[in-house]
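Trainee: Top to bottom, those sequences are chains G and W.
By this note's numbering, the letter at position 156 of the first sequence is numbered 157, and the numbering carries on one by one without gaps.
By this note's numbering, the letter at position 121 of the second sequence is numbered 207, and the numbering carries on one by one without gaps.
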Amino acid sequence: MTDHAAARRLNPLHLVAAFATGGLLTAMVHLNGELARYGNPLFSSWVAHGTGTAAALLLLALLLRRQGAGAPAKPSAPLWAYLGGISGAVTVMLTSFAVNSPIALSGTLALGLAGQVGFGLAADRWGLFGLPARRPGGRDFAALGLILAGSLLIILQGHFA
Amino acid sequence: MILSAIFACVAGMLVIVSRQLNGRLSLSTSPLVSSFWNHVVGFAALTVVGLAVGRLLPAGAGEVPWWVYLGGPLGVVFVASGSWLVARIGAINTALLVVGGQMVSGVAFDLMRSAAPSAWLSGLGVALILAGMALTQKRS
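#1: If you measure from the beta carbon of A150 of chain G to each beta carbon in chain W, is any gap under 8 angstroms?
#2: Is there a C-beta anywhere in chain G that falls below 8 angstroms from the one on A138 of chain W?
#3: Quick one: any contact between the region 60–67 of chain G and the region 191–198 of chain W, if contact means 3 or more CB pairs under 8 angstroms?
#4: In three-state terms, what does DSSP make of R225 of chain W?
#5: Helix, strand or coil, according to DSSP, for M87 of chain W in the structure here?
#6: List, in order along the chain, the chain W residues whose C-beta lies closer than 8 angstroms to that of L147 of chain G?
#7: Within 8 angstroms (strictly less), CB to CB, does W127 of chain G reach chain W?
#8: Can you tell which of G:A55, G:G113 and G:W47 has the C-alpha that lies nearest to the C-alpha of V139 of chain W?
#9: Which of the three DSSP states is assigned to L157 of chain G in this structure?
#10: Enumerate in chain order the residues of its own chain whose CB-to-CB distance from S257 of chain W is below 8 angstroms, with the five nearest sequence positions on each side excluded.
#11: Between the alpha carbons of A143 of chain G and G218 of chain W, how many angstroms are there, rounded?
#12: Could you check where the alpha helix (DSSP H) with P117 of chain W kicks off and where it finishes?
#13: Is the Cβ of S107 of chain G closer than 8 angstroms to any Cβ of chain W?
#14: Have a look at R141 of chain W and A49 of chain G and give me their C-alpha separation to the nearest angstrom.
#15: What is the DSSP secondary structure of N101 of chain G, counted as helix, strand or coil?
#16: Spell out a yes or no on whether the region 147–166 of chain W and the region 33–45 of chain G are touching, meaning 3 or more CB-CB pairs, one atom from each, closer than 8 angstroms.
#17: If you measure between the beta carbons of H15 of chain G and L171 of chain W, is that distance less than 8 angstroms?
#18: Examine the Cβ distances between the region 121–130 of chain W and the region 175–182 of chain W and report whether three or more of them are shorter than 8 angstroms.
#19: Taking C-beta pairs closer than 9 angstroms, name the residues in chain W that A62 of chain G reaches, listed in chain order.
#20: Are at least three pairs of beta-carbons, each pair with one atom in the region 136–155 of chain G and one in the region 124–136 of chain W, less than 8 angstroms apart?
#21: Once DSSP output is grouped into helix, strand and coil, what is the label at R176 of chain W?
#22: Which word fits H125 of chain W, buried or exposed, when buried means at least 16 other C-beta atoms lie within 10 angstroms of its C-beta?
#23: Is it right to say P117 of chain W is buried, meaning 16 or more other beta carbons lie within 10 angstroms of its own, or is it exposed?
#24: If you follow the alpha helix (DSSP H) that I35 of chain G is in, where does it begin and where does it stop?
#25: Comparing the C-beta of R10 of chain G with each C-beta of chain W, is any distance below 8 angstroms?
#26: Are M29 of chain G and L160 of chain W closer than 8 angstroms when you measure CB to CB?
#27: Work out the CA separation of T22 of chain G and G187 of chain W for me, nearest whole Å.
#28: Under the three-state reduction of DSSP, which class applies to L143 of chain W: helix, strand or coil?
#29: Once the 5 residues before and after A78 of chain G are set aside, which same chain residues still bring their CB inside 7 angstroms of it?
#30: Helix, strand or coil for S152 of chain G? Go by DSSP, reduced to three states.
#31: So does the region 100–113 of chain G actually touch the region 88–103 of chain W, counting three or more Cβ pairs closer than 8 angstroms?
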């Protein structure tokens with residue numbers, strides 16, 4: 002199932018939601034960085050996952066009370082789909098190692114972005130991990146190229162100036 | 087140096103893997119349930135690592151101001167939102183739009199704290215990101 006996204010433009014709601022999610026990430030990086038300053042990166046990530054678990058439980062309890070049962074059953078997920086948290090935990094360890102090496106924060110961010118772009122294109126191309134395959138069109142590539150160039154300029158500006 | 091570079095690149099790839107897995111789980115459950123599992127499983131994994139390495143409760147842990155703990159709950163919304171988005175606009179769109187939002191808000195955050203290394207280059211970067219976002223809205 003290949004979705005030819007080229008013909009349609011991005012839903013503005015999705016565009017704004019993704020951009021705002023990036024803003025959330027800035028706040029998280031700042032707060033979890035503060036936490037790491039009081040302890041270490043492992044402590045910071047451990048605490049963030051623990052408080053996150055508690056917050057998610059609280060939210061789910063509130064939502065369950067409101068909507069109750071009666072939603073149609075969905076096909077169950079494969080067991081490997083529950084392992085996103087492992088991948089996230091390994092990411093934290095690799096990143097905190099790289100940041101404290103000669104490549105520093107800017108190198109870690111730039112190379113991490115390269116990894117995201119390369120593997121993100123592959124994930125869409127082949128529909129990896131059970132999500133639909135998609136082929137970006139020319140306009141999508143131009144838009145993504147502009148965002149990538151702007152991001153790299155901000156990350157690596159210390160090396161240009 | 088080479089090892090760190092590989093680690094940084096693999097970390098970026100794992101960001102995509104994580105979002106794909108959580109996105110797949112959200113299709114069978116919901117973005118919030120998927121985010122819950124992401125945090126529970128990550129917490130269990132980090133507890134095992136922490137117990138093995140023995141640095142889970144550092145000396146300064148008692149002095150942390152309460153608002154610093156809000157990073158975890160924000161992460162729940164972040165992961166849920168990513169799962170919701172990746173199932174709708176795909177991995178590369180989600181990844182680059184989130185990074186774009188992170189960069190622009192990061193520049194704004196640095197400006198508020200008056201710590202901009204180069205306002206000129208930051209401004210150009212922000213302009214390129216906003217131009218890319220505008221281009222996604224152009225009718226073809």
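Built from N, CA and C at the ideal position, the CB exists for glycine as well.
Mentor: To lay it out plainly:
#1: Yes, its Cβ sits closer than 8 angstroms to a Cβ of chain W.
#2: Under the 8 angstroms criterion on CB atoms, A138 of chain W is classed as non-interfacial with respect to chain G.
#3: Contact fails: fewer than three Cβ-Cβ distances are below 8 angstroms.
#4: Coil, per DSSP.
#5: Coil.
#6: Chain W residues near L147 of chain G: L214, I215, A217, G218 and L221.
#7: No, W127 of chain G does not count as interfacial toward chain W.
#8: Each of G:A55, G:G113 and G:W47 was checked against the Cα of V139 of chain W, and the nearest Cα belongs to G:W47.
#9: Annotated three-state conformation of L157 of chain G is coil, per DSSP.
#10: In the structure as shown, chain W begins at 87 and stops at 226. Residue 257 of chain W is therefore absent and cannot be evaluated.
#11: Cα to Cα, A143 of chain G sits roughly 7 angstroms from G218 of chain W.
#12: Taken as a continuous stretch (DSSP letters only), the alpha helix (DSSP H) holding P117 of chain W covers P117 to V139.
#13: With 8 angstroms as the cut-off, S107 of chain G does not count as an interface residue toward chain W.
#14: Taking the straight line joining both Cα atoms gives about 15 angstroms.
#15: DSSP places N101 of chain G in coil when its eight states are reduced to three.
#16: Counting Cβ pairs under 8 angstroms, three or more are found: they touch.
#17: For H15 of chain G and L171 of chain W, yes; Cβs fall inside 8 angstroms.
#18: Segment contact: the region 121–130 of chain W against the region 175–182 of chain W, fewer than three CB-CB distances shorter than 8 angstroms; contact not assigned.
#19: Residues of chain W passing the Cβ test: none, with the nearest at roughly 11 angstroms.
#20: Touching, no, given that fewer than three Cβ pairs across the two stretches are closer than 8 angstroms.
#21: According to the sequence as given, residue 176 of chain W is Gly; it is not Arg. When secondary structure is reduced to three states using DSSP, G176 of chain W falls in the coil class, being assigned neither helix nor strand.
#22: Buried, by the Cβ-count rule.
#23: Buried is the label assigned to P117 of chain W, since at least 16 other Cβ atoms lie within 10 Å of its Cβ.
#24: Here the sequence assigns Glu to residue 35 of chain G, which means Ile is not the residue at that position. That run of the alpha helix (DSSP H) goes P13 to Y39.
#25: At least one chain W Cβ lies under 8 angstroms of R10 of chain G.
#26: Closer than 8 angstroms, so yes.
#27: In this structure, the straight-line span from the alpha carbon of G187 of chain W to that of T22 of chain G is close to 7 angstroms.
#28: When secondary structure is reduced to three states using DSSP, L143 of chain W falls in the coil class, being assigned neither helix nor strand.
#29: Closer than 7 angstroms at the Cβ level, and outside the excluded window around A78 of chain G, lies no residue.
#30: Of the three classes helix, strand and coil, the one that applies to S152 of chain G here is helix, per DSSP.
#31: Result yes; three or more Cβ-Cβ pairs closer than 8 angstroms.
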